[in-house]
Each structure stands twice: as structure tokens, then as C-alpha cells.
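Number of protein chains: 2
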Amino acid sequence: MQEFCSDVCKRLQSAPSAPSFGGRVSITIKDVAREANVSVATVSRALNGHENVAPDVRQRVLEVADRLQYSPHHAARSLSSRRTQTIGVVLPDLYGEFFSELMRGIDAVAREAGRHLLVSSYHGNPDEQGAALRAMRGRVDGLLLMSPFVADADPLAGQALGMPAVLLNSGARAGLPALNVDSYHGARTMTRHLLSAGHSRIAFIAGPTDNFDAHERLRGYRDGLADSGSAPWVLPGDFDEASGHAAGRELLESGERPDAVFAANDMMALGCLFAFNQAGVRVPHEIALAGFDDIPLARYVHPGLTTMRVDIAALGARALRTLMAQLADPDTPVAAERLEVALVVRQSCGVAPV
Amino acid sequence: MQEFCSDVCKRLQSAPSAPSFGGRVSITIKDVAREANVSVATVSRALNGHENVAPDVRQRVLEVADRLQYSPHHAARSLSSRRTQTIGVVLPDLYGEFFSELMRGIDAVAREAGRHLLVSSYHGNPDEQGAALRAMRGRVDGLLLMSPFVADADPLAGQALGMPAVLLNSGARAGLPALNVDSYHGARTMTRHLLSAGHSRIAFIAGPTDNFDAHERLRGYRDGLADSGSAPWVLPGDFDEASGHAAGRELLESGERPDAVFAANDMMALGCLFAFNQAGVRVPHEIALAGFDDIPLARYVHPGLTTMRVDIAALGARALRTLMAQLADPDTPVAAERLEVALVVRQSCGVAPV
DNA sequence: CTGTTAGCGCCTTCAG
DNA sequence: CTGAAGGCGCTAACAG
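Residue numbers (UniProt numbering), protein chains in the order written: chain H, 1 to 354; chain Z, 1 to 354.
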């Protein structure tokens with residue numbers, strides 16, 4: 001035992017200049033090669049599972065590597081192999097349940113595929129976004145990018161990503177494969193559902209004006225209302241509880257109350273619900289309420305919230321699968337896909353089973 | 001303009017063997033050097049802000065680099081400099097608001113410090129945890145590790161991390177710097193608050209038995225009750241709404257109802273609240289309710305939830321700051337720190353201002 | 001099957 | 001102040 005590791009032990013003890021890591025020196029492929037009496041090439045082959053290595057040699061190499069606790073240096077490996085085994089994820093933010101769920105879906109697939117995740121958020125700032133994208137170069141094999149801002153100037157237009165990428169909830173652009181939640185059809189369906197339940201004055205609490213999904217949902221609401229004779233009634237919102245709460249109060253104070261309120265997402269619907277609760281207005285008896293997303297809390301509030309279910313984790317998972325396919329075969333046809341959403345009827349609209 | 005980029009343009013057009021990345025070739029330091037009529041060494045120095053470069057030369061180099069959209073290749077840089085500019089974040093999971101908030105805090109500091117984040121979750125599986133830690137070697141300069149499972153065998157004991165690391169909400173072990181939410185004192189404070197508000201039969205909805213924080217909160221509850229004459233009354237829970245809901249129902253059905261319920265976290269408190277709502281039991285009139293965490297919804301439910309505020313984003317931010325200090329100076333003394341929590345009194349305990 | 005060798009792109013002495 | 005040159009650790013031809 002001792003004899004085998006003498007060389008390395010000596011190096012460990014008398015490392016001339018301790019390279020970082022708290023004075024530790026790391027074991028390289030050379031150390032393994034020397035201990036196993038083979039060349040570095042053979043070690044590389046053995047460790048990477050190539051076929052052209054004699055069984056006994058492979059065995060010996062693996063043992064030595066294990067004993068020395070060798071672990072290949074990632075930077076070196078990816079510098080020479082030109083692959084990083086890492087996927088870059090660039091998001092507008094990391095805050096809230098949406099991103100959390102998204103990451104969960106992405107993470108599951110990444111783990112399954114043995115890929116690492118380099119995450120970065122740009123806080124809605126186009127400059128930071130550019131910087132984040134640039135910084136990904138040489139660190140990742142592909143990119144998952146979410147850029148939901150419907151700015152006049154497409155921040156991606158000028159960015160040569162220089163690598164395969166998939167767009168998430170960002171519309172379709174730059175000839176990249178894209179995957180979007182089908183917000184438009186979802187919102188239209190919900191609006192029609194409310195109409196068919198007998199509501200005619202349906203108010204809509206919108207999302208941020210520069211957000212792609214918010215835009216699609218508003219469009220779906222308007223189109224859903226189109227032939228009904230009902231006029232659109234839109235309040236501003238921000239996708240958070242606070243703005244839903246504010247919108248709820250505003251609705252109560254308006255001269256003519258709506259029959260139903262459709263919030264562009266569940267968090268706003270909940271904020272609105274609490275505003276109604278505080279004012280003693282009963283849901284659904286006096287006003288019906290609907291949301292969008294089906295967050296976990298939607299089923300626990302009282303009354304249960306009617307909403308559109310969006311499987312966000314599936315969104316992330318599917319996006320990464322698309323990217324992996326692109327990575328495996330760059331000629332995979334590029335398409336824009338939609339993630340289906342589903343109407344979930346609960347008590348908040350007054351037409352639900354108990 | 002054209003003349004300057006002729007060389008590179010030619011290369012881009014007639015790259016002999018397109019090296020990965022969908023057939024694109026990337027611009028290297030050599031390209032910049034050639035365009036700027038200097039050596040690669042000078043480019044390197046100029047771009048890295050070293051002082052020994054003539055102002056006009058630096059200017060020219062920066063211009064060329066900008067025009068060519070040059071961005072250094074990470075793997076190459078970290079191979080030669082032995083630093084990755086990346087922090088590894090190893091978490092038990094990526095699911096839910098807690099991790100989302102944690103990541104937000106970490107991300108803010110990382111961005112501020114120009115560091116990237118390599119995230120990985122191990123789904124509560126010790127083997128996966130080991131694999132994740134091993135895979136971090138050579139890819140990151142330091143580690144933020146959350147390992148809240150109070151298993152008999154410390155999964156970290158055998159792991160030579162081989163690099164600076166900070167433990168998050170994982171107790172104190174392995175001689176690593178640690179940062180923990182002060183769950184014990186928080187729970188004790190809350191329990192005493194409930195007692196002093198006149199409640200004597202206080203039930204506690206516990207968290208997962210193998211979770212460090214859950215354990216600390218339970219301990220705080222017991223100690224808070226210690227000299228009061230009240231007996232502990234503990235129900236199992238899982239930190240999610242569903243288990244809080246179940247516990248709430250169980251409490252209602254028990255022969256002797258409690259005066260107050262203290263849930264080990266807000267999600268369970270909300271689940272419990274909805275169970276009470278459904279049963280028509282009024283909070284706080286019939287039963288007082290308290291939680292722990294102060295998630296955003298806590299202030300929007302009706303009645304507002306009395307809870308202990310935990311600044312999770314601050315937890316992440318502080319942990320990364322500690323790690324950065326460790327990275328900057330390995331001799332920084334190692335200590336276990338506590339993140340203070342604060343009592344937030346709302347209406348759910350019946351002693352609050354409206 | 002195995003060893004030798006030439007880079008991958010960048011940083012960093014060491015001479016000028 | 002600047003250029004030339006030697007690696008960093010690993011992979012991938014190319015010869016044996």
C-alpha cells in the first residue's frame with residue numbers, strides 16, 4: 001500500500017508551490033499513469049470507457065485512480081474536448097415559485113443526462129443579459145434562455161449566441177427553437193368558461209405590460225370576450241399578490257361591480273381574494289374569481305380557485321430535452337412548440353362540484 | 001471597418017474544420033492580437049486590466065476586442081489561472097419558495113462579485129450528494145453546501161471537499177464555517193409569546209423528523225413550554241400545506257381542542273388555517289395560530305398570520321459572503337454563525353393591532 | 001492494444 | 001512597456 005503511493009505522497013508533502021485550494025496539490029492524470037505504469041493516453045482511455053484497453057490494464061488503472069482519489073480536471077478536459085457537459089440557464093430572475101418550478105424540471109432532466117447547470121439571471125436588464133450570454137461562452141455546451149420582455153428592440157437580435165439554444169416563454173425569434181406556455185388559448189378558454197357560466201361583466205387583472213405571457217393572456221381574454229357582447233374591463237397588475245390585492249380593492253370601490261374577475265395569474269387572484277375577504281364580499285356568491293397557473297395554494301384557499309393548470313416543471317424539462325436533441329444532432333428541425341394548459345374548475349366560480 | 005476584420009471574416013467563412021458549436025468558430029485571443037498588431041501577451045494584459053500596458057495600446061486592444069465580440073474562453077482561462085470564478089451550490093432540492101429565495105440571495109452576491117453559480121441538487125440522496133460534491137471538483141472555487149439531514153452517519157465526514165466551503169442550515173460539522181437560521185430561539189420566543197398571550201394548551205405541528213431546522217424548532221417549542229406547566233402536544237408534519245391541513249383536521253377532531261396552534265413553518269400554518277376555515281372554526285377567536293418563516297402570503301391571508309420572520313435571501317447572501325472571505329483569505333477564522341429571526345405579530349393570535 | 005505527440009486558449013514568467 | 005515561450009491537464013490523432 002505504502003509503496004504504491006510513494007511518489008504522489010512525496011509530491012503532496014513537498015509541493016514546491018502550492019497551487020490554490022488551501023495549499024493542496026491536485027492529482028493529475030500523470031500521477032495515475034506513473035502509478036499504473038502506463039501512459040496518460042491509456043489512463044484517459046480507460047477512465048473514459050473506451051473499448052481499446054486491455055481488461056487487466058483497465059482494471060489496474062481504475063484501481064489506482066480510485067486509490068489516489070483522482071478526479072479529472074474539468075477545465076482541462078473541456079478545453080481539449082471542446083465540450084463542457086454543462087448547460088447554461090439564463091433567466092430574467094430567480095425569484096418566486098415560477099422559476100423554482102422551472103428549475104426543478106430542468107434539473108431533473110439535467111441530472112438524468114449527467115449534465116451540470118450554470119445559472120444566471122439578468123434582472124430584466126438587457127445589458128446584463130448580454131453580459132450573461134457572453135460569459136457563457138466556453139462554459140456551456142448549450143443554452144436555455146428566457147427573455148419574456150417584449151421590448152421594441154430584440155435583445156437577442158445582435159447576440160450571436162454561438163451555440164445551440166432553446167427559447168423559453170419568449171415568443172419565437174432569431175430562428176431558435178422555442179417552447180411557450182399556451183397562454184393565449186388558456187386565457188381564451190377561461191374567459192369563455194366564465195361567460196358560459198353566466199357571467200357577463202368580467203374584469204381582467206393584467207400582468208406586466210412588457211411580459212410576453214401577460215400579453216398573450218390579455219389577448220386571449222379579449223378574443224374570448226369578442227362575440228359575447230361583453231366589453232373588456234382591464235385593470236393593471238404585476239403578477240404579484242400586492243397588485244392583485246390593489247386591483248381587488250379598486251374593483252370593490254368602482255361604481256358597478258363585475259360578476260367575475262379573471263386574474264392573469266394565481267398570485268394576483270389570491271391577492272384579490274384576500275381583498276374580497278377583508279371587505280366581506282363572498283366568493284363566488286357575489287363575485288366569481290379565476291386565476292392562471294394552478295399554483296399549489298390554489299387548491300387550499302377557501303374557496304378553491306378555478307384556474308388554468310400550467311405544468312411549469314414540464315416546461316423546463318421539455319425545453320432541456322429539446323436542447324439535448326439539438327446538441328445530439330444539430331440538424332434536428334427547429335420548431336416553436338406550445339405547452340398545453342388545462343382548465344381546473346374549483347369552487348371560486350360558483351359552478352363547481354363541492 | 002471592413003479592412004479591420006478581414007482576417008477574421010475570412011476565417012469565419014472558410015473555417016477548415018468547424019469545431020463544434022454548430023459549425024461556428026469562436027474568436028480567440030490570437031485573433032484580437034493579430035487585428036491589434038500586438039502579441040497575445042499584451043492582449044491578455046490589456047484585457048485583464050494590468051498596469052503595464054501603454055494607454056494607446058490598451059485602447060486599441062479594447063476596441064478590437066469589442067468589435068470582434070471577443071470573449072475569453074473560460075476553460076482555457078481557468079486551466080492556466082487555476083481559478084474558475086464559479087461557486088458551486090449543492091442543495092437537497094430546488095423545489096419551493098425556500099430554495100428560490102435562497103438562490104436569489106446567493107445570486108445577488110455572486111453577480112456583485114462577478115461569480116457564476118453552478119447548482120446541483122441531490123434529492124435527499126446521500127449517494128447523489130457525494131456524486132454532486134465530487135463533480136464539483138475542478139469546476140468551482142468554493143462550495144455552498146446545504147445538508148439538513150440529521151442522519152446518524154454524517155455524509156460529509158468522508159468527503160474531502162478539497163476546497164473552501166460554507167455549510168448552510170446543516171448544523172456545525174467537519175470544522176467548516178456554518179450559517180444557520182436561529183430556529184431554536186425563534187421557536188422558543190414564539191412559544192413564550194403564545195403563553196404570555198394567555199394560551200396554555202399549545203399544539204405544535206412539527207416538520208420532517210430528519211430535518212435540522214425542524215428539529216431545532218421542536219426543541220425551541222419544548223424549551224419554551226418548559227416552566228409553564230403546559231404539556232407539549234406535538235403533531236407530525238412535513239413542511240407542506242397538505243400536512244398542515246391534515247394536522248388541522250386532526251386537531252379539530254381531537255376531544256380536547258388546543259387554545260393555540262404553532263406550526264413549524266408557514267406553509268403548514270396556512271394548510272391548518274384552511275382546515276379551520278373549512279370547518280367554520282374562527283381564528284383567532286376559537287383557536288390562535290402561529291407559523292414560522294414569514295412567507296409573503298402570511299400577510300395576505302385573513303387573518304394575517306403571526307410568525308417568525310426569516311430572511312432567507314439574507315441567509316444565502318451572507319453564506320456566500322462568508323465563502324468569499326474564505327476564498328480571499330484562507331486564514332479567515334472559521335465560525336458557526338446564526339441568522340437572527342424576528343417575531344411578527346399579526347391578527348392570527350388575537351393580541352395584535354388591527 | 002499502447003505510447004508519443006500535438007495542440008485546446010490563455011496566463012505568466014523571463015528577456016529584451 | 002512588449003514579445004516570445006513554456007506550461008496548465010487532458011484528449012485525440014497518429015504511429016507502432
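For each residue, glycine too, the CB sits at the ideal point set by N, CA and C.
| Query | Result |
| --- | --- |
| Should E112(Z) be flagged as near chain H, meaning a C-beta pair shorter than 9 Å? | no |
| Taking the straight line between their C-alpha atoms, what separation do you get for L323(H) and S147(H)? | 16 Å |
| Do the stretch 337-345 of chain Z and the stretch 166-180 of chain Z touch if we need at least three Cβ pairs shorter than 8 Å? | yes |
| May I ask you to report which of helix, strand or coil DSSP gives S120(Z)? | strand |
| Whose C-alpha, out of R45(H), E97(H), G138(H), is nearest the C-alpha of A76(Z)? | G138(H) |
| How would you write the range of the beta strand (DSSP E) that I312(H) sits in, first residue to last? | Segment 312-328 is the alpha helix (DSSP H) holding I312(H); no beta strand (DSSP E) there. |
| For chain Z, find out if any of its Cβ atoms is closer than 9 Å to the Cβ of A153(H); answer yes or no. | The predicted model places A153(H) with a pLDDT of 46, which falls under 50 and marks its position as unreliable, so this point remains unresolved. |
| Between the C-alpha atoms of T209(H) and H215(H), what's the straight-line distance to the nearest angstrom? | 7 Å |
| Considering only their Cβ atoms, is the gap separating V38(H) from A65(H) smaller than 9 Å? | no |
| Check whether the stretch 313-322 of chain H and the stretch 92-108 of chain H are in contact - that is, three or more C-beta pairs closer than 8 Å. | yes |
| Quick one: list the residues of chain Z neighbouring M103(H), beta-carbon separation under 7 Å, in chain order. | L94 |
| Enumerate in chain order the residues of its own chain whose CB-to-CB distance from G88(Z) is below 6 Å, with the five nearest sequence positions on each side excluded. | L118, M136, V140, L143 |
| Apart from the five residues just before and just after V53(H), which ones in its own chain have a Cβ nearer than 8 Å to its Cβ? | T42, R45, A46, V61 |
| Can a CB atom of chain Z be found closer than 9 Å to the CB of T42(H)? | no |
| Note down, in chain order, every chain H residue with its Cβ under 9 Å from the Cβ of A76(Z). | A75, L79, G138 |
| Going along chain H, which residues have a C-beta under 8 Å from E241(Z)? | P296, L297, Y300 |
| Considering only the beta carbon of each residue, do S243(Z) and P232(Z) sit closer than 9 Å? | no |
| DSSP three-state label for E97(H), please. | helix |
| Quick test of your reading: D266(H) and D223(H), contact by CB under 8 Å. State the CB separation rounded to the nearest angstrom. | About 21 Å separates the two Cβ atoms, so there is no contact after all. |
| If you measure from the beta carbon of S121(H) to each beta carbon in chain Z, is any gap under 9 Å? | yes |
| Starting from F292(Z), find everything on chain H with Cβ-Cβ shorter than 8 Å and list it in chain order. | Neighbours of F292(Z) on chain H: none; closest Cβ ~17 Å, over 8 Å. |
| Chain H partners of N277(Z), CB-CB under 7 Å? | H302 |
| Is the number of C-beta pairs between the stretch 302-309 of chain Z and the stretch 277-294 of chain Z that are closer than 8 Å three or more? | yes |
| Helix, strand or coil for L289(H), going by three-state DSSP, please let me know. | strand |
| Among V261(Z), R249(Z), R111(Z), L270(Z), which residue has its Cα nearest to the Cα of D240(Z)? | L270(Z) |
| Just mark G198(Z) as buried or exposed, buried being the case when its beta carbon has 16 or more other beta carbons within 10 Å. | exposed |
| Quick check on I27(H): does DSSP put it in helix, strand or coil? | coil |
| Does D266(Z) come within less than 9 Å of chain H when only Cβ atoms are used? | no |
| Comparing C-alpha positions only, which one of D329(H), C349(H), R58(H), R321(H) sits nearest to E286(H)? | C349(H) |
| Any idea if P92(Z) is buried or exposed, counting beta-carbon neighbours within 10 angstroms, 16 or more meaning buried? | buried |
| In this structure, what does DSSP give as the bridge partners for M308(Z)? | L343(Z) |
| By DSSP, does T86(Z) sit in helix, in strand, or in coil? | strand |
| Quick one: which chain Z residues come within Cβ less than 8 Å of A226(H)? | Chain Z residues near A226(H): none, gap ~34 Å exceeds 8 Å. |
| Under the assumption that V258(Z) contacts I202(Z) (Cβ atoms under 8 Å), give the Cβ distance between them as a whole number of angstroms. | According to the sequence as given, residue 258(Z) is Pro; it is not Val. Confirmed, Cβ separation roughly 6 Å. |
| If you reduce the DSSP assignment to three classes, tell me which class A15(Z) lands in. | Its pLDDT being 30, under 50, A15(Z) is placed unreliably in this model, and the coordinates cannot settle the point. |
| Using the C-alpha atoms, what's the distance from V57(Z) back to M163(H)? | 32 Å |
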